[in-house]
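Be aware that the sequence shown starts at 1, since it is given in UniProt numbering, and climbs by one per residue.
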Amino acid sequence: MSVRLTDLIAPSFYGVHQAVKTGTATHFLLGGGRGSTKSSFTPTEIILGLIADPNANAIALRKVKDTLRESVYESFEWAIDKLGVSHLFDARVSPMQIIYRPTGQKIIFRGADNAVKIKSLRLRKGFFKFVWFEEADEFGIEDIRSINQTLLRGGDGYRVFYSYNPPKSRKRWVHDYRKNPPDSWLTHHSDYRSVPRHWLGEQFFLEAESLEKRNEAAYRHEYLGEDTGTGGEVFKNLNLRRISDEEIAVFDRIKRGLDFGFAAHPTHYAVMHFDATRRRLYIFGEIHKAGMANSPLVAAIKAENTGSRPVTADSAEPRTINELRNLGLNVLPARKGPDSVEHGMKFLEDLDEIVIDPIRCPNTVREFDGYELAPDGNGGWKAGYPDKDNHSIDAVRYALEDEMRQAKVRVGNKAKVGVR
Numbered sequence: 001m002s003v004r005l006t007d008l009i010a011p012s013f014y015g016v017h018q019a020v021k022t023g024t025a026t027h028f029l030l031g032g033g034r035g036s037t038k039s040s041f042t043p044t045e046i047i048l049g050l051i052a053d054p055n056a057n058a059i060a061l062r063k064v065k066d067t068l069r070e071s072v073y074e075s076f077e078w079a080i081d082k083l084g085v086s087h088l089f090d091a092r093v094s095p096m097q098i099i100y101r102p103t104g105q106k107i108i109f110r111g112a113d114n115a116v117k118i119k120s121l122r123l124r125k126g127f128f129k130f131v132w133f134e135e136a137d138e139f140g141i142e143d144i145r146s147i148n149q150t151l152l153r154g155g156d157g158y159r160v161f162y163s164y165n166p167p168k169s170r171k172r173w174v175h176d177y178r179k180n181p182p183d184s185w186l187t188h189h190s191d192y193r194s195v196p197r198h199w200l201g202e203q204f205f206l207e208a209e210s211l212e213k214r215n216e217a218a219y220r221h222e223y224l225g226e227d228t229g230t231g232g233e234v235f236k237n238l239n240l241r242r243i244s245d246e247e248i249a250v251f252d253r254i255k256r257g258l259d260f261g262f263a264a265h266p267t268h269y270a271v272m273h274f275d276a277t278r279r280r281l282y283i284f285g286e287i288h289k290a291g292m293a294n295s296p297l298v299a300a301i302k303a304e305n306t307g308s309r310p311v312t313a314d315s316a317e318p319r320t321i322n323e324l325r326n327l328g329l330n331v332l333p334a335r336k337g338p339d340s341v342e343h344g345m346k347f348l349e350d351l352d353e354i355v356i357d358p359i360r361c362p363n364t365v366r367e368f369d370g371y372e373l374a375p376d377g378n379g380g381w382k383a384g385y386p387d388k389d390n391h392s393i394d395a396v397r398y399a400l401e402d403e404m405r406q407a408k409v410r411v412g413n414k415a416k417v418g419v420r
């Protein structure tokens, strides 16, 4: 039986297929809406890879083991059948595994709710060349790192797949990695519109078109896989893009702010330019580190701030400010007043644009992009701004306090933050 891969792989995945085949990347972050075929592409690639490499084995993971059989296991059965190689594979349910008969290579299925069983996995032959995290956004990035450290050993040429439907909340790690992928990562987004119509069936398209007419936001999230947010996002004025050296060279209103860390909380130093005329903020520099002592902190700031321009810091730490001054840093305490947090947050929200360089400032991007009001459990939002994962935001507020006073911002739209 001859099978053409173009009958199994949607056109939007041709480039990813070549990257998997040639080893252009190790990690493949595959996002998309319903019908994007990301969850059929992945097992197809893994089956082809197992047949090609007699030392390769695979493992498919879900956050909860009870969801394995109806998701990844059935996806592998589909791929094996479509490739016309059912006679070469033995699919078993107890224990759940698929064995390649000619060599004994295995596809193993595990839930991450029992990490001990993952760490205790041993193979009689070969290594885990292929790893698939299905619904990857349900995993924490720390869990993923731990699992990969366990599995990716004893071989080479690894291919790790992460398939997911974009979550509404921007706090999930997949949003950060999609916008700023680490080295050896390939990110890909697809939706049903690039899939041959007869693959999905006419009814699928009718349902999608119906939802688009009734609820465009839901359609964009569910079918196009777009990041539509939860509705609780505070900063809807973000522009995450590279800020060029040429732009920075002409910035003439540069501000610097410093938020002190403690214990596991990081210290954050922020560098920015404020264009008051266009109400546009450019953030292009950061230092972000937990457990940073004062001496290396001052050295790092001086390396950036060669002109010893003022740095505005959290006034709640006067002793630390004095220590930094003794080390030669030109640091000033922020002048906090009543409602200064709400006043500062509203100022930032009301700017026409906050431009953040994701390469120079990955932690700033993560905190600004993921900052959300806390849900109240009744479909609304709790009062006030959460004091969590906001180190860069605080540093920016301190840096801009003079601009805020000059702007004479009126704190409005209080209902948004639950203030009555």
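Note that CB positions come from ideal geometry on N, CA and C, so glycine has one too.
| For K382, which residues of its own chain have a beta-carbon under 8 Å away from its beta-carbon, when the five flanking residues on both sides are left out? | For the purposes of this step, residue 382 is taken as residue 382 along the sequence shown, with counting starting at 1. Excluding residues within five positions, the ones whose Cβ falls inside 8 Å are L373, A374, P375, D376, G418.
| query | Terminal residues of the continuous beta strand (DSSP E) containing F235? | reply | Position 235 of the sequence shown, counting from 1, holds the residue named residue 235. Where F235 is concerned, there is no enclosing beta strand (DSSP E), given that its DSSP letter is neither H nor E.
| request: Look up R193 in the DSSP assignment and give the residues it is bridged to. | output: The residue given as residue 193 occupies position 193 in the sequence shown. Answer by DSSP bridge pairing: none, since R193 is not bridged.
| request: In angstroms with no decimal places, state the Cα-to-Cα distance between Y14 and L297. | output: Position 14 of the sequence shown, counting from 1, holds the residue named residue 14. Position 297 of the sequence shown, counting from 1, holds the residue named residue 297. Taking the straight line joining both Cα atoms gives about 47 Å.
| query | Can you tell which of V3, Y164, D156 has its C-alpha closest to the C-alpha of D227? | reply | By one-based count along the sequence shown, residue 227 stands at place 227. That would be Y164, whose Cα lies nearest to the Cα of D227.
| query | Which term fits P166, buried or exposed, when burial requires 16 or more other beta carbons within 10 angstroms of its beta carbon? | reply | Within the sequence shown, the letter at position 166 stands for residue 166. Under this definition P166 is a buried residue.
| field | DSSP state of L48 mapped onto helix, strand, coil | value | Position 48 of the sequence shown, counted from the first residue, corresponds to residue 48. L48: helix per DSSP, three-state reduction.
| So what's T6 in DSSP terms, helix, strand or just coil? | Here residue 6 is taken as the residue at index 6 of the sequence shown, counted from 1. Three-state result, T6: helix.
| the segment 95 to 113 / the segment 122 to 131 touching (three or more Cβ pairs under 8 Å) | Yes, since at least three Cβ pairs between the segment 95 to 113 and the segment 122 to 131 fall closer than 8 Å, the two stretches touch.
| task | Kindly list the residues whose CB is nearer than 8 Å to the CB of V411, restricted to its own chain and excluding five residues on each side of it in sequence; keep chain order. | result | Translated into positions along the sequence shown, residue 411 becomes position 411. Only weak support is given to the placement of V411: the predicted model assigns it a pLDDT of 42, under 50, and the question is left unresolved by the model.
| task | Report the rounded CA-to-CA distance for H17 versus Y219, giving the unit in angstroms. | result | For the purposes of this step, residue 17 is taken as the residue at position 17 of the sequence shown. For the purposes of this step, residue 219 is taken as the residue at position 219 of the sequence shown. The straight-line gap from Cα to Cα measures roughly 28 Å.
| field | Touch test, the segment 354 to 369 against the segment 280 to 290, Cβ-Cβ under 8 Å, three pairs minimum | value | yes
| message | Let's test the definition: count the other Cβ atoms within 10 Å of the Cβ of D113 and tell me whether it reaches 16, buried, or not, exposed. | response | Taking the first residue of the sequence shown as 1, we reach residue 113 at position 113. So D113 counts as exposed.
| Per-residue DSSP class, three states only, for T312 | By one-based count along the sequence shown, residue 312 stands at place 312. DSSP places T312 in strand when its eight states are reduced to three.
| What is the DSSP secondary structure of F262, reduced to helix, strand or coil? | Counted from its first residue, the sequence shown places residue 262 at position 262. Correct three-state label for F262: coil.
| request: Report the residue from D275, E135, F204 whose alpha carbon sits nearest the alpha carbon of T42. | output: Position 42 of the sequence shown, counting from 1, holds the residue named residue 42. Per the Cα distances, E135.
| Counterpart residues of T267 in DSSP-defined beta bridges | Here residue 267 is taken as the residue at index 267 of the sequence shown, counted from 1. K289, per the DSSP bridge assignment.
| request: Name the one or two DSSP bridge partners that P333 has. | output: To locate residue 333, count along the sequence shown from 1; it is residue 333. According to DSSP, P333 bridges with A313.
| said: In the DSSP assignment, the beta strand (DSSP E) including L297 goes from what residue to what residue? | reply: As a working note, residue 297 is residue 297 in the sequence shown. Run containing L297: none in the beta strand (DSSP E); it sits in the alpha helix (DSSP H), 294 to 304.
| Quick one: what's got a C-beta closer than 7 Å to A249's C-beta in the same chain, skipping five residues either side? | By one-based count along the sequence shown, residue 249 stands at place 249. Hits under 7 Å: none found.
| request: Evaluate contact between the segment 189 to 202 and the segment 26 to 38, counting only Cβ atoms and requiring at least three cross-stretch pairs below 8 Å. | output: yes
| field | Under the three-state DSSP convention, the category L224 falls into | value | On the sequence shown, position 224 is the one that residue 224 refers to. L224 falls in the coil class under three-state DSSP.
| Close beta carbons around F139, own chain, < 7 Å, minus the five adjacent residues each side | As a working note, residue 139 is residue 139 in the sequence shown. If we look at F139 and ignore the five residues flanking it on each side, its Cβ neighbours are K63, A112, F133.
| query | Who pairs with R256 in a beta bridge, going by DSSP? | reply | The count along the sequence shown starts at 1 and reaches residue 256 at position 256. R256 is bridged by DSSP to V271.
| What does a CB cutoff of less than 7 Å around S324 pick up in its chain, not counting 5 residues either side in sequence? | Position 324 of the sequence shown holds residue 324. For the sequence presented, residue 324 should be read as Leu rather than Ser. The residues are N294, V298, V331.
| Secondary structure at S163, three-state DSSP: helix, strand or coil? | Residue 163 sits at position 163 when you count from the first residue of the sequence shown. S163: strand per DSSP, three-state reduction.
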